[in-house]
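Notes to accompany the following structure.
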Amino acid sequence: MQPIAEHGVGSILVFEYLYFLLQAKNSRDDLQEDLTSAVEKYQSSGTHAKVSKLIKEAFEKCGENVGTLCPILVSIAKDNQLSKMLNRKEQ
């Protein structure tokens, strides 16, 4: 179940960043290129490693108790939004 959580949170973060990339560019010329860029940002920014570590720690602490894990996973996703990096660049 831990790999599923890692992929799920990672996907949410990548698509959330992609959404903001598309808004900032105000176009959808090459969606595949933008998606690839978002994935690369997730992997190269250190966010992927940090999120994986946090999820591993959550599973070690809580086991596979979904009721306990869900709020933790949501918090991990909220705290590691890639769009926050995009917003910092614009300021």
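Under our numbering, the first residue of the sequence shown is numbered -1, with each subsequent residue one higher.
Backbone N, C-alpha and C define an ideal beta-carbon position, used for all residues, glycine too.
Original post:
Is S81 near F18, with beta carbons less than 8 Å apart?
Top reply: yes
Subject >> Inter-residue spacing [alpha-carbon to alpha-carbon] between T45 and I70 >> reply: 16 Å
Subject >> Inter-residue CB distance, N63 and L11 (contact presumed, cutoff 8 Å) >> reply: Not confirmed; about 23 Å, so no contact.
**OP:** Could you name the residues of the same chain whose beta carbon sits closer than 8 Å to that of G6, not counting the 5 residues immediately before and after it, in chain order?
**Re:** L71
Original post:
Can you tell me whether DSSP reads M(-1) as helix, strand or coil?
Top reply: Here DSSP, grouped into helix, strand and coil, assigns M(-1) to coil.
Original post:
What is the C-beta distance between L16 and D32, in whole angstroms, given that I count them as a contact (C-beta under 8 Å)?
Top reply: 6 Å
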